[in-house]
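Student: Can you keep this structure in mind? I'll have questions shortly.
Number of protein chains: 2
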Amino acid sequence: MTADSSDSEWSTSEERIMEATHRALLRDGYAQLSISRIASELDQSKASLYYHYDSKEDLLLSFLEYVTDRLESNIYTSNDESPSQELEQFIEMLLPLQLDDTESQLRAAMVELRSQAVMDEKFRKQFTEIDDRIVDHLERIIDRGIDEGEFRNVDSTRVAEHIFATFSGVMYNRATTNRENAPAAVRVALSSYLNKDLMKR
Amino acid sequence: MTADSSDSEWSTSEERIMEATHRALLRDGYAQLSISRIASELDQSKASLYYHYDSKEDLLLSFLEYVTDRLESNIYTSNDESPSQELEQFIEMLLPLQLDDTESQLRAAMVELRSQAVMDEKFRKQFTEIDDRIVDHLERIIDRGIDEGEFRNVDSTRVAEHIFATFSGVMYNRATTNRENAPAAVRVALSSYLNKDLMKR
DNA sequence: GTCTATAAGGCGATAGAC
DNA sequence: GTCTATCGCCTTATAGAC
């Protein structure tokens, strides 16, 4: 696979390894994620993984790109809705009021994975890209709303960054605390903020 | 030290170990944080650490309480200011526009440490407590502002949760991305939100 | 492309001397 | 309370057969 993550293709054997990595991550968490466990999820030997990837870091960076690719395809659901509807729908995707177990586990795994970005510059670069894209998407929805006269003439960058920070905080706290009522409270507060600051009526 | 973290006292040898743990964490990051490295920061043998703590997890949980204690003493700076001034000052403490290297490193280390809460229930419980206290503090400032007629009659829980989620998101993203302009944008957006939603005039 | 076997090293934790 | 020495385990990674 190439360095450019946007138009990458995944061979079937790569995809099998990525899915095994995914399962291992969900099952045991990042701290326990080793080449051995991935191999065992894959029902193959450890050595075979080193045929496809130079090192563990190499494999994990590929996995990160794999996850990014899947996220991309989820974000860009083209739609003919009004900006406010599209925004609402996107926020519902980012901050669903209820998460099923699978989705909850996936997000928890992402939080663990992301913590590697603190010390690993390559990871940090990847997550910077991911975040840039999400904020950009939010910004474009807001700009469209302003153009079409549905939203006030706000600073779309600031509003987008605010929404995104709120989303990040909720996802982060959801994964690392038992404060179960917090997400719903934040969702309501966010809606109230957008109604007051963004909506014209 | 006792299980109750609020009135705990730290012996000098415990404190030396906690400080060594702190240095090791800042130096190499959580992934590399081992008993060996803590011992080497302490200039003592690994075995001596096992005289003071039963296991690595035991040591790290103590460290977490140690950090919590220090946070506590930073939060409760009693002051005679107006609610809006106190709120502004507290937000400035949570979300400073500029972080020096030391503070930046400390927060990054906290993000790494916190990611352990995803899989470790004991860690999660500790971070739940920490967050509860911060949100509670925000809530009390807001309630005071409402009582004294400075703030609108908002749902203080929601506003407090919103501020806290925003703070969490910024801290998390600061530590895991290179999106350097985002924090300032969010700070401005947050101020604007509070001016519109909270302030009476 | 996958296997078995193994190297080399770090880890958490313990035994026992002082 | 601190030390040296050591155990057993798991890790990343490689060599070489098939």
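So the protein sequences, as listed, match chains H and F. Just so we're aligned: the first sequence equals residues 1 to 201 in the working numbering. Just so we're aligned: the second sequence equals residues 1001 to 1201 in the working numbering. For every residue, glycine included, the Cβ atom is placed at its ideal position computed from N, Cα and C. Being a predicted model, the structure only gives us computed values, none of them experimental.
What are the boundary residues of the alpha helix (DSSP H) that includes N1178/F?
Tutor: Segment: none, N1178/F is in no alpha helix (DSSP H) and carries neither H nor E.
Student: Whole alpha helix (DSSP H) runs in the region 1031–1115 of chain F with 4 or more residues, listed along the chain?
Tutor: At a cut-off of 4 residues, the continuous stretches assigned as alpha helix (DSSP H) that sit fully inside the region 1031–1115 of chain F are 1035–1042, 1046–1052, 1056–1075, 1083–1094 and 1101–1115.
Student: Find out if the Cβ-Cβ distance for the pair I17/H, L33/H is shorter than 8 Å.
Tutor: Taking 8 Å as the Cβ cut-off, I17/H and L33/H do not qualify as a contacting pair.
Student: Determine which residues of the region 169–183 of chain H have a Cβ less than 7 Å from any Cβ of chain F, and write them out in chain order.
Tutor: G169, V170, Y172, N173, A175, T176, T177, N178, R179 and A182
Student: Relative to the alpha-carbon of L1060/F, which residue among K1196/F, E1112/F and S1084/F has its alpha-carbon at the smallest distance?
Tutor: E1112/F
Student: Between which two residues does the alpha helix (DSSP H) carrying A117/H extend?
Tutor: First-last for A117/H: undefined, no H or E at that position.
Student: Would I1075/F and K1056/F be called neighbours here (beta carbons separated by less than 8 Å)?
Tutor: Result no, Cβ atoms of I1075/F and K1056/F do not sit closer than 8 Å.
Student: Does the beta-carbon of M110/H have 16 or more other beta-carbons within 10 angstroms, so that it is buried, or is it exposed?
Tutor: Burial is judged here by how many other beta carbons sit within 10 angstroms of a residue's own beta carbon; M110/H has at least 16 and is buried.
Student: What residues in the region 1017–1032 of chain F bring their beta carbon closer than 9 Å to a beta carbon of chain H?
Tutor: D1028, G1029, Y1030, A1031 and Q1032
Student: Tell me the DSSP bridge mates of M1199/F?
Tutor: F1151/F
Student: Kindly say whether R1114/F, judged by its beta-carbon, lies nearer than 8 Å to any beta-carbon of chain H.
Tutor: yes
Student: What does Y76/H reach in chain F if we use C-beta pairs closer than 9 Å?
Tutor: The premise fails here: Y76/H is roughly 21 Å from chain F at the closest Cβ pair, so nothing lies under 9 Å.
Student: DSSP three-state call for G1029/F: helix, strand or coil?
Tutor: coil
Student: Considering Cα atoms alone, identify which of T1012/F, I1146/F and M1119/F is closest to L106/H.
Tutor: M1119/F
Student: By the criterion of Cβ-Cβ separation under 9 Å, what are the contact partners of E139/H in chain F?
Tutor: Ordered by position in chain F, no residue passes the 9 Å Cβ test against E139/H, which lies about 11 Å from the chain.
Student: Is the shortest distance between the beta-carbon of D143/H and the beta-carbons of chain F less than 8 Å?
Tutor: No, its Cβ sits nowhere closer than 8 Å to a Cβ of chain F.
Student: Using alpha carbons as the reference points, say which of S168/H, R37/H, A47/H and E15/H lies closest to R187/H.
Tutor: Out of S168/H, R37/H, A47/H and E15/H, S168/H has the C-alpha closest to the C-alpha of R187/H.
Student: Grouping DSSP H, G and I as helix and E and B as strand, with all else coil, what is E1009/F?
Tutor: coil
Student: According to a CB-to-CB cut-off of less than 7 Å, which residues of the region 1085–1097 of chain F neighbour chain H?
Tutor: none
Student: Keeping to the same chain, check which residues put their C-beta closer than 6 Å to that of L1021/F; ignore five residues upstream and five downstream.
Tutor: The question names Leu, but residue 1021/F in the sequence shown is Thr. Cβ within range, chain order: I1038 and F1063.
Student: Any Cβ of chain H within less than 8 Å of the Cβ of E1161/F?
Tutor: With 8 Å as the cut-off, E1161/F counts as an interface residue toward chain H.
Student: Output yes or no for whether 8 Å exceeds the beta carbon distance between R70/H and T1176/F.
Tutor: no
Student: With a threshold of 16 other CB atoms inside 10 Å of the CB of A47/H, please say whether the residue is buried or exposed.
Tutor: exposed
Student: What residues in its chain sit with their C-beta under 6 Å from that of L190/H, if we drop five residues either side in the sequence?
Tutor: T166
Student: Only counting the same chain, and skipping five residues up and downstream in sequence, which positions put a Cβ closer than 8 Å to that of E1161/F?
Tutor: Around E1161/F: V1135.
Student: Restricting to Cα atoms, I'd like to know which of I130/H, N153/H and T12/H is closest to E72/H.
Tutor: I130/H
Student: Spell out whether any CB of chain F is found under 8 Å from the CB atom of D12/H.
Tutor: Here the sequence assigns Thr to residue 12/H, which means Asp is not the residue at that position. By this cut-off, T12/H is not an interface position.
Student: Measure from the C-beta of S192/H to each C-beta in chain F and report whether the shortest distance is under 8 Å.
Tutor: yes
Student: In whole angstroms, give me the CA-to-CA distance for Q98/H and F1127/F.
Tutor: Roughly 22 Å between the two C-alpha positions.
Student: Which bits of chain F does D197/H rub up against, with CB to CB less than 9 Å?
Tutor: A1189, S1192, Y1193, K1196 and D1197
Student: Check the C-beta distance from P83/H over to E148/H and give it rounded, since I have them as a contact under 8 Å.
Tutor: 6 Å
Student: When the Cα atoms are used, what is the spatial distance from T1012/F to H1052/F?
Tutor: 12 Å
Student: S1156/F: buried (16+ other C-beta within 10 angstroms of its C-beta) or exposed?
Tutor: buried
Student: Mind listing which residues of the region 1100–1111 of chain F have their C-beta closer than 7 Å to chain H's C-betas, in chain order?
Tutor: For the region 1100–1111 of chain F, residues whose beta-carbon sits nearer than 7 Å to a beta-carbon of chain H comprise A1108 and V1111.
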